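Quick note on numbering: the sequence shown equals residues 19 to 233 in this note's numbering. Everything below concerns the one structure shown next.
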Amino acid sequence: METTHRTTEQQKPADQRRRELLEAADRVVLRDGPKASMNAIAAEAGITKPILYRHFGDKGGLYRALATRHTDALLAALRAALDAPADRRRRVESTLDTYLASIEALPQVYRFLMHPAEETHQAEQGFDVGRHSAPVLRRMGEELGQVIAERIDLGPVGEAQARIWGHGIVGMMHAAGDWWLGERPCSRQELVTALADLLWGRLAQAGDRDGAPGF
């Protein structure tokens, strides 16, 4: 049976095989969240677990591929919010809302990326993703810091200041969003407004870089 699977797999382009496996993994994550296992993903993809390991190496490799896939999509959405034709306050609120809307729409994916499994399967433990979540947040912080450095005039220490702001804003969004998603103490719009109010003092004062699209 594995020989048949191997022949079928080898007939497909590598990027197509990888995309199909990631789509199968996404379906399992949407169903199982952080309890998703390699066994379940292999079964969903209609292959054996050794074939899945050959594509991604181990559970950590598959997690990183899924994290990149979803982080790429989220960063593209955040950049679109920052590029919207609106004043800075509305763009800030839109960016915060884009992040919160994304974790609200796919809570199981969010929990898979940011929380370790709390239960185990009989045959295999769920993904231990807690130790992998920091690089996802770090990448988002660096990306946002770069956007801030490109768009806001922060003076001679602008690059360092922009990185501080980028990681600080991402940390705030993550911590507040994680708490909000679990407890739902207020509406999403109320949380967006409160977070924007917290950020607004220094953001309101900083000027745009000459020739930049604005923040």
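Every residue, glycine too, gets a C-beta built ideally from N, C-alpha and C. This one's a predicted model, so the numbers in the text were calculated from it and none came from an experiment.
**Item:** Cut-off 6 Å between Cβ atoms - residues of its own chain near V110, not counting five sequence neighbours on either side
**Value:** A214
**Prompt:** Contact between the segment 80-87 and the segment 97-109: three or more CB pairs below 8 Å?
**Reply:** no
**Request:** Identify every run of the alpha helix (DSSP H) within the segment 111-135, keeping only runs that are complete inside it and at least 4 residues long; order them along the chain.
**Result:** 125-132
**Prompt:** Using DSSP with H/G/I as helix, E/B as strand and the rest coil, what is D105?
**Reply:** coil
**Asked** Hey, would you say P125 sits closer than 8 Å to L199, going by beta carbons?
**Response** yes
**Message:** If I measure Cβ to Cβ from R206 and keep anything under 6 Å in the same chain, skipping five residues before and after, which residues do I get?
**Reply:** L118
**Asked** In terms of alpha-carbon separation, which member of A43, V165, E168 and H133 lies closest to A152?
**Response** H133
**Message:** Residues in the same chain with beta-carbon distance under 8 Å from R227, minus the five sequence neighbours each way, listed in chain order, please.
**Reply:** E168, R169, I170 and D171
**Request:** Taking only the alpha-carbon atoms, compute the straight-line gap between K67 and H73 and give it to the nearest angstrom.
**Result:** 10 Å
**Request:** Note down the Cα distance separating L92 from G189, rounded to an integer number of angstroms.
**Result:** 15 Å
**Asked** Contact check, L48 vs V127 under 8 Å by CB: the rounded distance?
**Response** 7 Å
**Item:** T211: first and last residue of the uninterrupted alpha helix (DSSP H) it sits in
**Value:** R206 to Q223
**Backbone secondary structure at R227 - three-state DSSP** = coil
**Asked** Who does I69 pair with in a DSSP beta bridge?
**Response** I69 pairs with nothing; no bridge assigned.
**Request:** Note down the Cα distance separating D115 from R36, rounded to an integer number of angstroms.
**Result:** 31 Å
**Message:** Quick check: what's the CA-CA separation for G78 versus M56?
**Reply:** 10 Å
**Prompt:** If you run the structure through DSSP and keep just helix, strand and coil, what is Q140?
**Reply:** Caution is warranted here: a pLDDT of 47 is assigned to Q140, below 50, making its placement in the model unreliable, and no coordinate value can be reported.
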